[in-house]
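Working notes, beginning with the structure itself.
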Amino acid sequence: MTELFIRLMRKPQGFVGVVLLALIAAACLFGPALAPYAPEKIDFLGRFRAPGWQNWLGADQFGRDILSRLMVGARSTVPLAFIATFVGSAAGAIIGVGSAYLGGRTDEAIMRTNDAVLAIPGLLMALLLVSTLGNGAGNAVIAIAVAFAPGMARVTRSAALNVRNQDYVKAAIARGEGAPWIIFREMLPNVMAPIVIESTIRVSFAIMLFATLSFLGVGAQPPASEWGLMVADARQYMHQAPWGLIAPSAAIALTAVAFNLLGDGLRDALNPKDER
Amino acid sequence: MLSVTRRLFLAGTAISLAGLPKLTLAEAPKRGGVLRMSVDQAASVIHPMLARVNPEYLVTELLYSNLTRLKPDMTVEPDLAISWEPNATLTEWTFKLRSGVTFHDGSPLTADDVVATINAILDPKTASPGRTNVGPIKEVAAVDPVTVKFTLTGAYADLPVALTYLNARIVPAKLIAGDLASLSTTANGTGPFKLAAYEPDRRIVVERNPAYYDPARPYLDRIELLVYPDRTAEASAMISGEIDLLLTTTPGEYERLVKADGVNALRSPSGQFLNINLGCDQKPFNDVRVRQALALAVDREATVGFVAGGYGTPGNDTPLSSAYHFYKNIPLKKPDIAKAKKLLADAGYPNGIDLTLVASDKPSTRTQLGVAVREMAAAAGFRINVQTMPHATYLDQVWKKGNFYVGFYNMQPTADAIFNLLYTSNAAWNETRWNNADFDALINAARVETDEAKRTALYAKAQDMMNADVPSVISAFFDLLAAQRSYVDGYVLHPRGSVFRLDMVSLGAAAPKRA
Amino acid sequence: MTLAWFARRLMLTLYTVIVVSMLVFAITQILPADAAQSLLGENATPDALAALRAKLGLGDPAWLQYSRWARHVFTGDFGISMRTSLPVGPEMLAALSRSLLLTVSAILVTLAVAVPLGVVAALRQGRLTDTGVSLIAYLGVSLPEFVTATLLALLLADTLHWLPATGYVSPLEDFGGGIRHLALPVLTVSVILVAHVMRMMRSETLDVLKSDYIRAARLKGLPERTVLFRHALRNALLPVITIIALDVGYLLGGVIVIEEIFAIPGIGRALMIAITTRDLPSIQAGALIMAATYAVTNTFADMAYAFLDRRIRYD
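Protein chains in written order, with the working numbering: chain A, 390 to 665; chain B, 16 to 530; chain C, 386 to 700.
Shown next, in the form of structure tokens:
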């Protein structure tokens, strides 16, 4: 594990990714404690205040401090995207590995159905689910997890197919091990690498999907300080107070970049043979 | 016994003004041209009896006519009816129709069409919003081809105003008897324009009706209504000259439009408001002290700033703004957190109270008000959780049923109309269930009162009562905000919010030539 | 490409469409707000609501409603929109054509921009150009579309006044105007596509350039230009087709946001309106059309892939 980390940090992408993520994690953990103002405190006289000593990143249409909202909002944005990706990947991984294990016709049937579900664009699937379940951040997480599952299933299956044909799996089958044991003890650990890489990159999609759902009005609800919601609200005032738009957009972009970099770095670190 | 002058007043002596264009320019308006107007949502329904939102009211106003129309000062002028007269007890009204009016298909307008239309609106099967808003009509009959007589269930001074209601547009009797539903996709009216193209989510095109009863108007050849769902993009389109007239906009975009070259930003105070409805028949709002506490926690000037962007007037917990005729200027309630806390404690909540406030997502100002009130009332011990939901779900599950939610209402033509819509015990939309018999008595008395001074006194008492008892918290009235290019002439932003009169609009010399 | 191959693909597409329609139907059945209430609005009497529910068959069991709908769709009848009372099929297809205009233009722009950029970045690997291009690509995929759309509109329309900020003009009515109005939306959509394709192009070109195949071509003494264009590029382009086919899924989702902001009456907007107003026939038709488009596009992509692949192998 430590040598993986060292390999990761040696590459520029890995290094920058890890550093950025450390910053973001710090914001998630200590944000509320370090924020200069309460994120929901409205200040009538401070509406649209430009960035300055009172509000380092400026204030929004209610006079709320943008920096504080960003710091506290990290908690609403990043962990939720993380959870959505995790759940979606877990579900997808089980389907994918299970399908690869079962092989033959069953594998085909499962995958064809999986591909059919994949034909529904992710945003549309999330929208439909959120309309059904109701608006709100929690339901958005479920919706995104469901939207991600088929894609992850596909990735996992191709990796798992490789593994299935390996000798140690054939040996386990010959030994008479039960299916769940084979799936979870022999196959899954060896497909971890592609799953982890793909998931890491997907977290950045999840963050953007979350923000888009908030923009369309079905994700996080006011007065939450979720970053996507901040951008959506700031759009109508962007000509008066562009900082309201730029700060959360930059935060989203930075986080997405961080996860992308980490994913790339992991791919390089986990496949030392391929020098790119 | 009514004085002669009073009867004349009620009988609509605006005959002399019938048909005269309202000239606000030095020269006569230019004829011709194509006007491009933007709306913020699709007009899904062009059936005049079923229209529910402003773009739909706009389209049906272009294609159809009412018996009477509202002027910008909220008084009545003739449309299809040229004069009207009540009987001595105000229980019967006789309207004389214009002659020579034809529908778009050429058939003539007669009193039968008026009778059929009114009956259809009153029929519950039609499910028209106009049913309870056109006045207390018992029956309507055609006396002769140009005379219609209304018999009311009780004395009612405002029938001519009630008939300006946005769903009371006159439709051919033969369509009502035949295929009324066809009006959802086609149009056959007496309005200044005819329907040329109908793509509901994209654009609607209307063309000048050459057979319109007023030969001088409309001035425009064609109007194109385009849907722009995103306000920011819509304002950009106005600034770049893609559209000539914008139906409505938000304070944020308004600031942009004020500064733009070639654009006139329009603003008009109106009676449009958001109310926070308190269910007066259940805990905790059945205790007047809790309601008063909430009212004292809200800073009304701040609400105008937050929710209306400064473009509004503070509200005093009555639905009448200064734009209404019988408005009483009661001193504005100032926030008093200490008193609010004490009232809450007296009512049995010394440690504050937890509440859930529901706000639908249309318009977005509902949520903004919710958030602002949440912060303001927190100091007094109200721990409010704002819950947003899609408008369709809100209509289905919360509206008229919920205990604590944000409502949104346009200005009505008269004080009686708004009180009877929301706050009397048998109101069509009795959201607060306040059911205050004294209040009902005041409103009912004012409705049949013809003496101006007495009427004013009655409505003043009613407003005082609402201010003291707070069935709902009304903290701000919104100004209407719109915009036009400077070459557009004759457009007046009507405080009612749903009257447009595009037949008075013309394009100046600077207007671009459009195909 | 044998007939059997086509037949299989057709069956697959059909299967996809059926699964999608069932899934969407199932989801819409659980939608909380009653369609009748949504249609009639505030003023519905309970009788009117009951009458409308009966008329729309909303009380029937789910499987019955589904089979009724499926039967109609089979004959090409997508039903009547609950909101506008107009037939759903023609409206949706017209909307689709406008979205296709947008997406196809975006794909063409992407190919024209991303392929050269990717190759250049590969050729100048490790140097400033490479890093610069990669950086821009990263940024492109790190912003949600509505942010990119807003920023691009702010820059190109509101500040520089080069392009109109919004609106749709049919190129059939006014070609020049149509192009100008499409420019911003196409640009916005292309940003993410360019990023994907460019990175793929770069890594594939790098791989191919190192391969034995290319080494052999160089040893043969072929000029570098021929090596690059005739051999390396063709091989590197193959995965690009796969990427674009996969991205069609993203595109179809992305148009929802883009069309909302830029007021384009395409299928994304139509779906958005249908979902918010609970217009069930429109939701089902729209989702079906999107899924079918995706399936058909993938089939074409596979065809193109196989075609190119064979040519390259025989070369």
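Glycine included, each C-beta is placed from N, C-alpha and C at the ideal position.
- For residue 317 of chain B, the chain A residues whose C-beta falls within less than 7 Å of its own C-beta are 433, listed in chain order.
- DSSP, read as helix, strand or coil, puts residue 445 of chain A in coil.
- Going by beta carbons, residue 246 of chain B and residue 625 of chain A fall inside the 9 Å limit.
- Relative to the Cα of residue 645 of chain C, the nearest Cα in the group B/244, B/266, B/262, B/74 belongs to B/244.
- If you draw a straight line from the Cα of residue 512 of chain C to the Cα of residue 506 of chain C, it is about 8 Å long.
- Around the beta-carbon of residue 487 of chain B, 16 or more other beta-carbon atoms lie within 10 Å, marking it buried.
- Contact of residue 471 of chain A with chain C is not assigned, every C-beta pair being separated by 9 Å or more.
- For residue 476 of chain C, the enclosing alpha helix (DSSP H) begins and ends at 473–508.
- Close partners of residue 405 of chain B in chain A (Cβ separation under 9 Å): 520, 523, 524, 606, 607.
- Following the DSSP letters along the chain, one finds residue 454 of chain A in no alpha helix (DSSP H), marked with neither H nor E.
- Residue 341 of chain B sits in coil when the DSSP states are folded into three classes, being neither helix nor strand.
- Within the same chain, 215 come within 6 Å of residue 59 of chain B by CB-CB distance, once the 5 residues on both sides are set aside.
- When DSSP states are grouped into helix, strand and coil, residue 603 of chain A belongs to the helix group.
- Rounded to whole angstroms, the Cβ separation of residue 525 of chain C and residue 576 of chain C is 5 Å, and the two are in contact under 8 Å.
- The alpha carbon of residue 285 of chain B has as its nearest neighbour, out of B/136, B/510, B/203, the alpha carbon of B/510.
- Contact annotation: in the segment 320–334 of chain B, residues whose CB is within less than 7 Å of a CB in chain A are 320, 321.
- Close to chain A, meaning a Cβ-Cβ distance shorter than 9 Å, is no residue of the segment 415–442 of chain B at all.
- Taking the Cβ atoms as the reference, residue 690 of chain C lies roughly 7 Å from residue 627 of chain C, within the contact range of under 8 Å.
- Each residue's CA atom was taken as its position, placing residue 460 of chain B and residue 57 of chain B some 41 Å apart.
- Scanning chain C for C-beta atoms nearer than 7 Å to the C-beta of residue 90 of chain B yields nothing, as the closest lies near 27 Å away.
- Interface annotation, residue 538 of chain C: in contact with chain B, CB-CB separation under 9 Å.
- Scanning chain B for C-beta atoms nearer than 9 Å to the C-beta of residue 530 of chain C yields nothing, as the closest lies near 13 Å away.
- Beta-bridge pairing by DSSP links residue 83 of chain B to B/93.
- Only 215, 216, 217 from the segment 213–233 of chain B bring a Cβ to less than 7 Å from some Cβ of chain C.
- At a cut-off of 9 Å between beta carbons, residue 307 of chain B makes no contact with chain A.
- Note that the C-beta distance between residue 538 of chain A and residue 500 of chain A is not below 9 Å.
- Closer than 9 Å to the CB of residue 627 of chain A there is at least one CB belonging to chain B.
- The continuous stretches of beta strand (DSSP E) do not include residue 554 of chain C, and DSSP gives it neither H nor E.
- For residue 527 of chain C, the residues of chain A that pass the 7 Å Cβ criterion are 593, 642, 645, 646, 649, in the order they occur in the chain.
- Within the segment 246–279 of chain B, contact with chain A at the beta-carbon level (separation under 7 Å) is assigned to 246, 247, 265, 267, 268, 270, 271.
- For residue 417 of chain A, same chain residues with a beta-carbon under 7 Å away, outside a window of 5 residues either side, are 463, 464, 467, 468 in chain order.
- When Cβ-Cβ separations below 9 Å define contact, residue 56 of chain B makes no contact with chain A.
- The beta carbon of residue 357 of chain B sits no closer than 9 Å to any beta carbon of chain C.
- Interface flag for residue 646 of chain C against chain B is set, since a Cβ pair is found closer than 9 Å.
- Taking 9 Å as the upper bound on Cβ-Cβ separation, chain B lies near residues 450, 451, 452 of the segment 449–461 of chain A.
- Shown here for residue 652 of chain A: same chain residues with a beta carbon closer than 7 Å to its own, the five before and five after excluded, namely 586, 589, 590 in chain order.
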